[in-house]
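Peer 1: Have a look at the structure that comes next, please.
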Amino acid sequence: MRTRQAMLLEQFNAAPAEKARELLKPCLDVPRWIDEITSARPFASLDDLLDTARGAADPFTSAELEGALAHHPRIGERVSGQSTEASMSRNEQSGVDERDAGTIAALAEGNRAYEEKFGRVFLIRAAGRTADEMLTALHERLGHTPEQEEPVVGQQLREIALLRLKESLLEQSLLEQKASWSRACPTRGA
24 MRTRQAMLLE
34 QFNAAPAEKA
44 RELLKPCLDV
54 PRWIDEITSA
64 RPFASLDDLL
74 DTARGAADPF
84 TSAELEGALA
94 HHPRIGERVS
104 GQSTEASMSR
114 NEQSGVDERD
124 AGTIAALAEG
134 NRAYEEKFGR
144 VFLIRAAGRT
154 ADEMLTALHE
164 RLGHTPEQEE
174 PVVGQQLREI
184 ALLRLKESLL
194 EQSLLEQKAS
204 WSRACPTRGA
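Quick note on the working numbering: the sequence shown kicks off at 24 and runs consecutively.
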């Protein structure tokens, strides 16, 4: 029996290039990365897709890093908007409790210091991390030189992109399953 994920991968493989790009863009808005993955289709498995995505994301150019970072919110700030990317960021930062004023203030102060030193937003894969873990990493990375920090930022961006890609496929699979159930079990009297 095929899994929903396998069926969705088949749909991704068969989709017009523009539709595939639409799925990929919120994961990582780097045109070269999107094009490499889109043109490498079809994929035999999710692992093959993720391996290709990982390879296409290593390394990033400085311009690609800067462009991608322009779409990422500061850690600890409330993410607004209804875009897929905004929704992903909100979910990823769920480890930051907005009611913890001390942590929010410390993250804001750390963000300012990082931006002053490196000229860009502090980026970390927030998913699966607590606010304290992110704050510790922020303080450690403030000790880096720009040469030390750039590959760390690239690695964090790769981790975020791969996590988002995998979750996008899973989320789409669940949405399709829900729609299928709705068609199979319509409400009475509707």
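C-beta atoms are modelled at their ideal positions from N, C-alpha and C, and glycine is treated no differently.
1. Where does Ala154 land, buried or exposed, given buried means 16+ other C-beta within 10 angstroms?
2. Skipping 5 residues on each side, what residues in its chain have a beta carbon closer than 7 angstroms to that of Asp81?
3. So Ile127 and Gly99 are supposed to be a Cβ contact under 8 angstroms. How far apart are they, rounded?
4. From Ala76 to Leu193, what does the alpha carbon distance come to, in whole angstroms?
5. Tell me which same chain residues have a C-beta within less than 6 angstroms of the C-beta of Val53, skipping the five on either side of it?
6. What runs of the alpha helix (DSSP H), each 4 residues or longer, lie entirely inside the segment 129-166?
7. Is the number of C-beta pairs between the segment 136-144 and the segment 160-174 that are closer than 8 angstroms three or more?
Peer 2: On the basis of the supplied data:
1. As a position in the sequence shown, residue 154 is number 131, starting the count at 1. By the 10 Å Cβ count, Ala154 comes out buried.
2. Mapped onto the sequence shown, residue 81 falls at position 58. Here the set comprises Arg181.
3. Position 104 of the sequence shown, counted from the first residue, corresponds to residue 127. Position 76 of the sequence shown, counted from the first residue, corresponds to residue 99. Between Gly99 and Ile127 the Cβ distance is about 5 angstroms, and since that is below 8 angstroms, they are a contact.
4. Against the sequence shown, residue 76 aligns to sequence position 53. Against the sequence shown, residue 193 aligns to sequence position 170. Spanning the two alpha carbons is a distance of roughly 16 angstroms.
5. Your numbering for residue 53 matches position 30 in the sequence shown. Exclusion of the five residues before and after Val53 leaves Glu87 and Ala91 as the residues of its chain whose Cβ lies within less than 6 angstroms of its Cβ.
6. 154-164
7. With three or more CB-CB distances shorter than 8 angstroms, the segment 136-144 counts as touching the segment 160-174.
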